[in-house]
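Engineer: Residue numbers (this note's numbering), protein chains in the order written: chain A, 1 to 260; chain B, 1001 to 1319. Yeah, the Cβ is synthetic: ideal placement off N, Cα and C, and Gly gets one too. I'd like to ask some things about the structure below.
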């Protein structure tokens, strides 16, 4: 029960802080939409298009939405660890008797709600603006999105750990934005490179493509496909969390939790 | 005396770097008893913050043991964190975009407390810290003093039996410092919490604490009640007022023979402050002054405050 009280407190805090930075939120939404429209209409103008969904306009709408969701998830912990360290509140979070692990998970869960709402809202807007309506089966889409992003949080934890020790991790962070683009695109090349399904997010993006573009439902998918996604994501999450714990230990040894 | 609620045993913290090891805390041991208010004093870099951060588990010591109300803070930090809360850098412990009330509610939640169970205590803290008029203001709009008071209230809302305060009055104006001091003093008098407080402000420590632990170069130099220290230093500190001035040779001679603290002069007289553990030395100083033709105006015991005691200890003039 105490874990739920902490989760509730974390959710309230994070909602309030986002709400009290309205300019940041609005500017973020506008810039994302602008980037999307440039990519979408640029691709349309170039006349690209093939039966493979990765290269179609529908594929661009879906790919951009998923890339956005992945970036939000990936950046949450890293930026928030940096922000909390700058504010001087990271040490206070660390002092929760429910453990920093649960504090971080609460962080993730509270931002997951925000990110999912924001991503799906923007996704609807993208489809409305471009007129490219995909198969919106939320009961299939949301569980697959959550399973896909689970592995991304492993990378978020690892980056968060790096931020605790090295502080200036923005350069690595920028590189990863492109890595995620490549991994989202890689989902369209799984037939050519089947090993790519072991990479983070590619198999998840592939399954989401089958729902959004192919019109398949989660319940009609073989359970092995979903189990494979859970196994890949779970592995990346576990590895990321182990790296984080190791780096957190170094930060505690060196007394770096309160520094920035 | 009551049972110890905080036991620090052979605590050592060494920061290792390529340039060599830095010993921040060197084999420190002390106990804090239930409802005691203990001051942790020391010059910058003495190791005070390292000790406090080790107790609240955010820093891993190199060696030693820390027991917080029976919980092993090193092997089981989560159990220890049920018992201890800390304010580490004054106003940097709160969320600036949250209101006073939001901050208090968040920190209660961080401790795993339900809002319902803590609501009346939050109201009590708002009242106690005189924050009622600012309850819906964001912390960033508060004065530094109010932010600091809020930070202490956020630590108290966790309702832990032990409270660690690292420089709680740093940068505060006199009025807010007094107000915070009064609140802490009242809490101490009511026996509500056990407090370990580090501060550079001797008035704060003298006013609130019963006992003081003085740290220098990572080691404990003194661990005693303030009253005992005052008595000890009063018993050995003397002040001689002499008419006129004496020359360099006379001054040198006195310094060689006795443990002098200070020689000061004004236009018409010289004041000698001396540390004389043996009372017989008072007569010896008077003899030396007489031999040199100095006219003694007065001799008396000196009553040093904590700041003077601290300076003498840290400078190694007293052990």
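Would you mind sorting residue 1104 of chain B into buried or exposed? The rule is 16 or more other CB atoms within 10 Å of its CB.
Structural biologist: Its Cβ being crowded by 16 or more others within 10 Å, residue 1104 of chain B is buried.
Engineer: Counting C-beta neighbours from all protein chains within 10 Å, is the total for residue 128 of chain A 16 or more, i.e. buried, or is it exposed?
Structural biologist: Residue 128 of chain A comes out exposed.
Engineer: Would you say residue 978 of chain B lies against chain A (beta-carbon separation less than 8 Å)?
Structural biologist: Residue 978 of chain B falls outside the range modelled here, since chain B spans only 1001 to 1319, and no answer is possible.
Engineer: Taking the CB atoms as reference points, tell me whether residue 1109 of chain B and residue 94 of chain A lie closer together than 8 Å.
Structural biologist: Against a cut-off of 8 Å, the Cβ pair of residue 94 of chain A and residue 1109 of chain B comes out as no contact.
Engineer: Going along chain B in order, which residues have a C-beta closer than 9 Å to the C-beta of residue 28 of chain A?
Structural biologist: Simply none; closest approach about 16 Å.
Engineer: Do you know offhand how far residue 1096 of chain B's Cα is from residue 1140 of chain B's?
Structural biologist: Answer to the nearest angstrom: the Cα atoms are 5 Å apart.
Engineer: Taking CB distances under 8 Å as the criterion, tell me whether residue 1317 of chain B reaches chain A.
Structural biologist: Low local confidence applies: a pLDDT of 43 at residue 1317 of chain B is under 50, so the model's placement there is unreliable, and no value is given.
Engineer: Is there a Cβ of chain B sitting closer than 8 Å to that of residue 2 of chain A, yes or no?
Structural biologist: Yes, because at least one Cβ of chain B sits closer than 8 Å to the Cβ of residue 2 of chain A.
Engineer: Between residue 1310 of chain B and the rest of its own chain, which residues show a CB-CB distance below 7 Å, the 5 nearest in sequence each way excluded?
Structural biologist: Once the five neighbours on either side are set aside, the close Cβ partners of residue 1310 of chain B are 1041, 1202, 1214.
Engineer: Hey, is residue 978 of chain B's beta-carbon within less than 8 Å of any beta-carbon in chain A?
Structural biologist: Any property of residue 978 of chain B remains undetermined from this structure, which presents chain B solely from 1001 to 1319.
Engineer: Does DSSP classify residue 1003 of chain B as helix, strand or coil?
Structural biologist: Three-state result, residue 1003 of chain B: coil.
Engineer: In this structure, does DSSP put residue 1338 of chain B in helix, strand or coil?
Structural biologist: Outside the modelled stretch of chain B, which goes from 1001 to 1319, sits residue 1338 of chain B, for which no answer is possible.
Engineer: Using a Cβ-Cβ cutoff of 8 Å, what residues of the segment 68-98 of chain A are near chain B? List them in chain order.
Structural biologist: The segment 68-98 of chain A vs chain B, Cβ under 8 Å: 87, 88, 89, 91, 92, 93, 94, 95, 96, 97, 98.
Engineer: Quick one, are the C-beta atoms of residue 13 of chain A and residue 1098 of chain B less than 8 Å apart?
Structural biologist: Taking 8 Å as the Cβ cut-off, residue 13 of chain A and residue 1098 of chain B qualify as a contacting pair.
Engineer: What's the gap between the Cα of residue 1283 of chain B and the Cα of residue 1267 of chain B?
Structural biologist: Spanning the two alpha carbons is a distance of roughly 26 Å.
Engineer: Would residue 199 of chain A pass as a contact of residue 186 of chain A if the rule is Cβ separation under 8 Å?
Structural biologist: In this structure, residue 186 of chain A lies closer than 8 Å to residue 199 of chain A by Cβ.
Engineer: Counting contacts by CB-CB distance shorter than 8 Å, is residue 975 of chain B in contact with chain A?
Structural biologist: With chain B covering only 1001 through 1319, there is no way to say anything about residue 975 of chain B.
Engineer: Which runs of the beta strand (DSSP E) at least 3 residues long sit entirely within the segment 1003-1052 of chain B? Give them in chain order.
Structural biologist: DSSP runs (the beta strand (DSSP E)) wholly in the segment 1003-1052 of chain B: 1004-1017, 1020-1033, 1037-1041.
Engineer: At a Cβ threshold of 8 Å, is residue 17 of chain A touching chain B?
Structural biologist: So yes, residue 17 of chain A belongs to the interface.
Engineer: What are the residues that DSSP puts in a beta bridge with residue 1240 of chain B?
Structural biologist: Looking at the DSSP assignment, residue 1240 of chain B forms a beta bridge with B:1272, B:1299.
Engineer: DSSP puts residue 1211 of chain B in a beta bridge; with which residues?
Structural biologist: According to DSSP, residue 1211 of chain B bridges with B:1038, B:1225.
Engineer: At least one CB of chain B closer than 8 Å to the CB of residue 5 of chain A: is that the case?
Structural biologist: Yes, contact with chain B.
Engineer: Check whether the segment 218-238 of chain A touches the segment 146-163 of chain A, taking contact to mean three or more Cβ pairs, one atom from each stretch, closer than 8 Å.
Structural biologist: With a cut-off of 8 Å, the segment 146-163 of chain A and the segment 218-238 of chain A count as touching, because enough Cβ pairs lie within range.
Engineer: Looking at C-beta atoms only, is the number of pairs between the segment 1120-1127 of chain B and the segment 1069-1076 of chain B that lie closer than 8 Å three or more?
Structural biologist: Result no; under three Cβ-Cβ pairs closer than 8 Å.
Engineer: Say the cut is 7 Å; is the CB of residue 167 of chain A nearer than that to a heavy atom of the ligand GTP?
Structural biologist: Questions concerning the ligand GTP fall outside what the structure shown contains, since it holds no ligand whatsoever.
Engineer: Quick one: Cα of residue 22 of chain A to Cα of residue 115 of chain A, how far?
Structural biologist: Near 16 Å, if we compare the C-alpha coordinates of residue 115 of chain A and residue 22 of chain A.
Engineer: How far does the beta strand (DSSP E) with residue 978 of chain B in it reach, from first residue to last?
Structural biologist: Since the first residue shown for chain B is 1001 and the last is 1319, residue 978 of chain B is missing from the structure and cannot be characterised.
Engineer: When Cβ atoms are compared, which residues of the segment 1096-1117 of chain B fall closer than 8 Å to chain A?
Structural biologist: Going along the segment 1096-1117 of chain B in chain order, one finds 1096, 1097, 1098, 1102, 1105, 1106, 1107, 1108, 1109, 1110, 1111, 1112, 1113, 1114, 1115 with a Cβ nearer than 8 Å to chain A.
Engineer: Measuring only between beta-carbons, confirm whether residue 1015 of chain B sits less than 8 Å from chain A.
Structural biologist: Yes, its Cβ sits closer than 8 Å to a Cβ of chain A.
Engineer: So, using beta-carbon positions, are residue 229 of chain A and residue 147 of chain A closer together than 8 Å?
Structural biologist: For residue 229 of chain A and residue 147 of chain A, yes; Cβs fall inside 8 Å.
Engineer: Tell me which residues share the same chain as residue 73 of chain A and place their Cβ nearer than 7 Å to its Cβ, disregarding the 5 neighbours each side in the sequence.
Structural biologist: Correct list, in chain order: 115, 149, 152, 153, 156.
Engineer: Kindly identify the DSSP beta-bridge partner or partners of residue 1194 of chain B.
Structural biologist: Looking at the DSSP assignment, residue 1194 of chain B forms a beta bridge with B:1162.
Engineer: Provide the residue span of the beta strand (DSSP E) that contains residue 1105 of chain B, from first to last.
Structural biologist: It is not in any beta strand (DSSP E) - residue 1105 of chain B instead sits in the alpha helix (DSSP H) that spans 1100-1110.
Engineer: When you compare the CB positions of residue 96 of chain A and residue 103 of chain A, do they come within less than 8 Å of one another, or not?
Structural biologist: Closer than 8 Å, so yes.
Engineer: Which residues in chain A sit within 9 Å of residue 1082 of chain B, going by Cβ to Cβ distance?
Structural biologist: Residues of chain A passing the Cβ test: 97.
Engineer: Put residue 1075 of chain B into one of helix, strand or coil per three-state DSSP.
Structural biologist: The answer is coil: DSSP assigns residue 1075 of chain B none of H, G, I, E or B.
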